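*Asks:* What follows is a single structure, and I will ask about it in a moment.
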Amino acid sequence: MLKYTSITELVREAEKRKVKISELTLNDQAKAIETPAEELYDRMKESFHIMEESVKDGMKKDRKSMSGLTGGEGYIMNKYAEEKKSLCGSFMSKAIARALAVAGCNASMGKIVAAPTAGSCGILPGCLVSLREDKGFAEKDLVMSMFTAGAFGMVIAERSSIAGAEGGCQAECGSAAAMAAASLVELMGGTPKQCADACAIAISNQMGLVCDPVAGLVEIPCIKRNVSGLVIAFSSADMALAGIEPKIPVDECIDAMREVGEALPASLKETAGGGLAATPTGRKLKNQIFGSGN
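Using numbering that gives the first Met the number 0, you'd call the opening residue of the sequence shown number 0 and step up by one each time.
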């Protein structure tokens, strides 16, 4: 396991060794678990391939969740993107479609990579697969960037939480957006500090997001929140790359996310007891699936 307990420490060590955070992470992990770096890289490459397959699987028109509440969003968004009517532009619309596809694949019991959780699984692949398919980024660079995302995720998990049941959706989609933002910055040639800045910006923009799954299922509003997380990841990365710095240091943002999560009532932490899950329509959908006695 990584020994770093703060992003600041992670950045400082990368700068000291004059390497990317991904290189630092891969080498440190290989040493810590006494496994060749090449083997760890191959494992991560397999995870990237699973992400690609999840995009394809979730993009199918007839892909439906077992509850019947969701399905086909990735297909619909991709078709819209191909018609080139999007306000966001073709690239971002296709990235949105991929995030929806992976989250939909998860909801329909398909194979995904939890990044860092199943509920937030569409954000990182939505970003990385889009850079591969639409921008032509090299697979090796994309796979290496996943080590950066992983390093940031491990620190977030240690200092705060990545579980919706513990910290709300900010802990899932917020963490995923932060991880993706950091990986995007590295892919674009940004510095370790800029990776940290992007992480801080992303977290601050998801702060306080509650976990309120309708009927207790990771579908509504979870799938569409993967899209907002993806957009925040891209925008946070661009701000950091432009030289815009967060006023609150990254580790303080992570600590604040923990404090906010602890302050959230239980009804807003994956219990389906509040928020959208408690609306009249949310309760109606729950009864539709499980019956009025539940």
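By construction, the Cβ of each residue, glycine as well, lies at the ideal position given by its N, Cα and C atoms. If you're wondering where the values come from, they're calculated on a predicted model, not measured in any experiment.
For F90, which option in G70, Y3, S129, E82 has the closest C-alpha, if you only look at C-alpha atoms?
*Replies:* On the sequence shown, residue 90 is found 91 positions in, with the first residue counted as 1. Answer by Cα proximity: S129.
*Asks:* Anyone know if the C-beta pair for R97 and G71 falls short of 7 Å?
*Replies:* Mapped onto the sequence shown, residue 97 falls at position 98. Mapped onto the sequence shown, residue 71 falls at position 72. Contact flag unset, no.
*Asks:* To which residues of the same chain is D254 closer than 8 Å at the C-beta, ignoring the five residues directly before and after it?
*Replies:* As a working mapping, residue 254 is identified with position 255 in the sequence shown. For D254, where only same-chain residues beyond five positions count, the Cβ hits under 8 Å are R158, S159.
*Asks:* Nearest CA to the CA of P220: which residue from E171, N204, V184?
*Replies:* If you number the sequence shown from 1, residue 220 lands on position 221. Closest by alpha carbon: E171.
*Asks:* To the nearest angstrom, how far is the alpha carbon of L23 from that of E138?
*Replies:* Here residue 23 refers to the residue found at position 24 when the sequence shown is read from its first residue. Here residue 138 refers to the residue found at position 139 when the sequence shown is read from its first residue. Straight-line Cα distance between these residues: approximately 19 Å.
*Asks:* Spell out the partners DSSP gives C87 in its beta bridges.
*Replies:* Within the sequence shown, numbered from 1, the residue matching residue 87 stands at position 88. Paired residues: none, contrary to the question.
*Asks:* Tell me, to the nearest whole angstrom, how far the beta carbon of A175 is from that of A114; I am working on the premise that it is less than 8 Å.
*Replies:* Locating residue 175 in the sequence shown gives position 176, counting from the first residue. Locating residue 114 in the sequence shown gives position 115, counting from the first residue. That belief holds up - the Cβ atoms of A175 and A114 are roughly 6 Å apart, short of 8 Å.
*Asks:* Which residues in the same chain have their Cβ closer than 6 Å to the Cβ of I231, if we skip the five residues on either side of it in sequence?
*Replies:* By one-based count along the sequence shown, residue 231 stands at place 232. Counting only Cβ-Cβ distances below 6 Å, and skipping sequence neighbours, we find A176, A201, N204.
*Asks:* Who does K63 pair with in a DSSP beta bridge?
*Replies:* Walking along the sequence shown from the start, residue 63 turns up at place 64. According to DSSP, K63 bridges with G70.
*Asks:* Put K283 into one of helix, strand or coil per three-state DSSP.
*Replies:* To locate residue 283, count along the sequence shown from 1; it is residue 284. Looking at K283 - three-state DSSP - the assignment turns out to be helix.
*Asks:* Leaving out five residues before and five after A214 in sequence, what residues of the same chain have Cβ atoms less than 6 Å from its Cβ?
*Replies:* Numbered from 1 along the sequence shown, position 215 holds the residue referred to as residue 214. Correct list, in chain order: L284, K285, I288.
*Asks:* For S291, is the classification buried or exposed, using 16 other Cβ atoms within 10 angstroms of its Cβ as the cut-off for buried?
*Replies:* Here residue 291 corresponds to residue number 292 of the sequence shown, with the count starting at 1. Answer is exposed; the Cβ neighbour count stays below 16.
*Asks:* I need the straight-line Cα distance from K15 to K78, nearest angstrom please.
*Replies:* Position 16 of the sequence shown, counting from 1, holds the residue named residue 15. Position 79 of the sequence shown, counting from 1, holds the residue named residue 78. Spanning the two alpha carbons is a distance of roughly 47 Å.
*Asks:* According to DSSP, is K78 helix, strand or coil?
*Replies:* Within the sequence shown, numbered from 1, the residue matching residue 78 stands at position 79. Three-state result, K78: helix.
*Asks:* With a threshold of 8 Å, are at least 3 pairs of Cβ atoms found where one atom belongs to the segment 136-156 and the other to the segment 99-108?
*Replies:* No, the segment 136-156 is not in contact with the segment 99-108.
*Asks:* Report the CB separation of F136 from L183 in whole angstroms; it is logged as a contact under 8 Å.
*Replies:* What you label residue 136 is simply residue 137 of the sequence shown in a count that begins at 1. What you label residue 183 is simply residue 184 of the sequence shown in a count that begins at 1. That belief does not hold up - the Cβ atoms of F136 and L183 are roughly 10 Å apart, past 8 Å.
*Asks:* C210 by DSSP, collapsed to three states: which one?
*Replies:* Within the sequence shown, residue 210 is the residue found at index 211, counting from 1. C210: strand per DSSP, three-state reduction.
*Asks:* Going by the CB atoms, is the gap between I122 and G57 shorter than 7 Å?
*Replies:* For the purposes of this step, residue 57 is taken as residue 58 along the sequence shown, with counting starting at 1. For the purposes of this step, residue 122 is taken as residue 123 along the sequence shown, with counting starting at 1. Cβ distance not < 7 Å, so G57 and I122 don't count as in contact.
*Asks:* Between which residues of its own chain and C120 is the CB-CB distance below 7 Å, once the five residues before and five after are set aside?
*Replies:* Stepping through the sequence shown from its first residue, residue 120 is reached at position 121. Closer than 7 Å at the Cβ level, and outside the excluded window around C120, lie V101, A102, N105, I111, V112, A113, A114.
*Asks:* Need the endpoints of the alpha helix (DSSP H) that I49 sits in, please.
*Replies:* Residue mapping note: residue 49 aligns to position 50 of the sequence shown, counting from 1. Residues 36-57.
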